[in-house]
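*Asks:* I'd like to ask you about the structure that follows.
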Amino acid sequence: MCIGAAAVSAICFGSAGIVAKALGAAGFAPLQLVWIRLACGTITLTLCALVLRPRNIRIPLTNLPLIVPYGIIGIAAAQGMYFAAVTKIPVPVALLIVFMAPLFILLWALVIRREPPARSAVAGSVVTVFGLAVALQVWNGMVFDLVGVLFACGASIGIAVYFLLAERLRAEDVDPLTLLIGGLASGTLILTPVAAPWNFQWEKLLGAKVTMGEWQIYALPTLGWLTLVCTTCAYLLSLAALKGLSSTLASTLATLEVPAALILSWLALGEALSPPQWIGTAIMVGGSYLAQRRAIARRGTIQEQAPLRVAVQMKS
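Counting in the numbering used here, the sequence shown runs from 2 upward without gaps.
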């Protein structure tokens, strides 16, 4: 169940690239799209909480010291730094650095927690990153701009913080909707002065169309897909996955976003994958399976134990 949620979450995140590309061609700046995703996600989840679980919408004050950095660093900064990175270095190089997050989490577990990670998790993370490098063919565009590399490293650390703090908060029985609302709201507030939504050309949402492959689609429903599927559902499923998976395993499974994006681009936009991309995609899937195979074998045990203890319990 948790593994499936993590995989579907990665696919939802992966579809964001296609939608963002179409909206970007229609005149929406990347930072504007990030702000709209976070703001609309906050509103959508708040409405859901008011209808489904109104008693749980209150954010405990004791958890604010974790929820605020979760939203600012793990959500807003991670997305904002990634977009900044791709303006300085090629997208393949930026993605490769960003999805080194599982290795940062392994280092955190080893150095800070002093918890030796499972050998299968280490091997799976390394194999996944190697597959990512092959799928993105980084040898075709290595441009080492120091500022761009630093931005990408910052985004990678942000993703690691997202999984680590989400795991910690879920271990303290923080309601997932409350966690998401608090995180997205914090990210929205911190990005508002930079994104300046009051300068957006909102009239584009009413009649403008975006091009997606051979289709012409109105911008408003396209933005709705970006908000509901690529943001709200994606984040909610990723948190549901952390209920029974460690941050290392969940973040490794999140790298499936890249092969999902490659395959969806092929299906929706007709952008054919090259042989190295297919090979790299297969390697990434294999690496993700290797990292979480112990979770499959011992899923009953994982569900009974606190997520923070999973990395120790699943030694090979």
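For each residue, glycine too, the CB sits at the ideal point set by N, CA and C.
Given this structure, state the Cα-to-Cα distance separating Q278 from V259, to the nearest angstrom.
*Replies:* On the sequence shown, position 277 is the one that residue 278 refers to. On the sequence shown, position 258 is the one that residue 259 refers to. Roughly 10 Å separates the two Cα atoms.
*Asks:* Just verifying my parser: in three-state terms, what is the DSSP assignment at A296?
*Replies:* Locating residue 296 in the sequence shown gives position 295, where the first residue counts as 1. Low confidence applies here, because A296 scores a pLDDT of 47, under 50, leaving its location unreliable; read the following figure in that light. A296: helix per DSSP, three-state reduction.
*Asks:* Using the Cα positions of S10 and V148, report the straight-line distance between them to the nearest angstrom.
*Replies:* Translated into the one-based positions of the sequence shown, residue 10 becomes position 9. Translated into the one-based positions of the sequence shown, residue 148 becomes position 147. Cα to Cα, S10 sits roughly 30 Å from V148.
*Asks:* Three Cβ pairs or more, each shorter than 8 Å: is that satisfied between the stretch 28-47 and the stretch 150-167?
*Replies:* Verdict: no, contact absent.
*Asks:* Between I4 and A261, is the Cβ-Cβ spacing less than 7 Å?
*Replies:* Locating residue 4 in the sequence shown gives position 3, counting from the first residue. Locating residue 261 in the sequence shown gives position 260, counting from the first residue. No. Outside cutoff.
*Asks:* Relative to the alpha-carbon of S126, which residue among S266, A6, I106 and T189 has its alpha-carbon at the smallest distance?
*Replies:* Looking up residue 126 in the sequence shown gives position 125. Nearest C-alpha to S126: I106.
*Asks:* Assuming I68 contacts L170 under a Cβ cut-off of 8 Å, what Cβ separation, rounded to an integer in Å, is found between them?
*Replies:* Translated into positions along the sequence shown, residue 68 becomes position 67. Translated into positions along the sequence shown, residue 170 becomes position 169. Right, their Cβ atoms sit about 7 Å apart.
*Asks:* Determine, using beta carbons only, whether A21 and A209 come nearer to each other than 7 Å.
*Replies:* Taking the sequence shown and counting its residues from 1, one reaches residue 21 at position 20. Taking the sequence shown and counting its residues from 1, one reaches residue 209 at position 208. No, they are not a contact pair.
*Asks:* Helix, strand or coil for Q217? Go by DSSP, reduced to three states.
*Replies:* To locate residue 217, count along the sequence shown from 1; it is residue 216. In the structure shown, Q217 sits in a strand (DSSP, three-state: E or B).
*Asks:* Figure out for me which residue from R54, A77, Q202 and I160 has the closest Cα to the Cα of A40.
*Replies:* Residue numbering aside, residue 40 sits at position 39 when the sequence shown is read from its first letter. Among R54, A77, Q202 and I160, the Cα nearest to that of A40 belongs to A77.
*Asks:* Whose C-alpha, out of Q202, D146, F131 and W109, is nearest the C-alpha of L90?
*Replies:* Taking the sequence shown and counting its residues from 1, the one referred to as residue 90 is at position 89. It should be pointed out that residue 90 corresponds to Ile in this sequence rather than to Leu. Ranking Q202, D146, F131 and W109 by Cα distance to I90 puts D146 first.
*Asks:* Count the other C-beta atoms from every protein chain shown that fall within 10 angstroms of the C-beta of P55, then say buried if there are 16 or more, exposed otherwise.
*Replies:* Position 54 of the sequence shown holds residue 55. Per the 10 Å Cβ criterion, exposed.
*Asks:* Kindly give me the distance between the Cβ atoms of L224 and T43, rounded to whole angstroms, as I take these residues to be in contact under 8 Å.
*Replies:* Taking the first residue of the sequence shown as 1, we reach residue 224 at position 223. Taking the first residue of the sequence shown as 1, we reach residue 43 at position 42. Between T43 and L224 the Cβ distance is about 15 Å, and since that is not below 8 Å, they are no contact.
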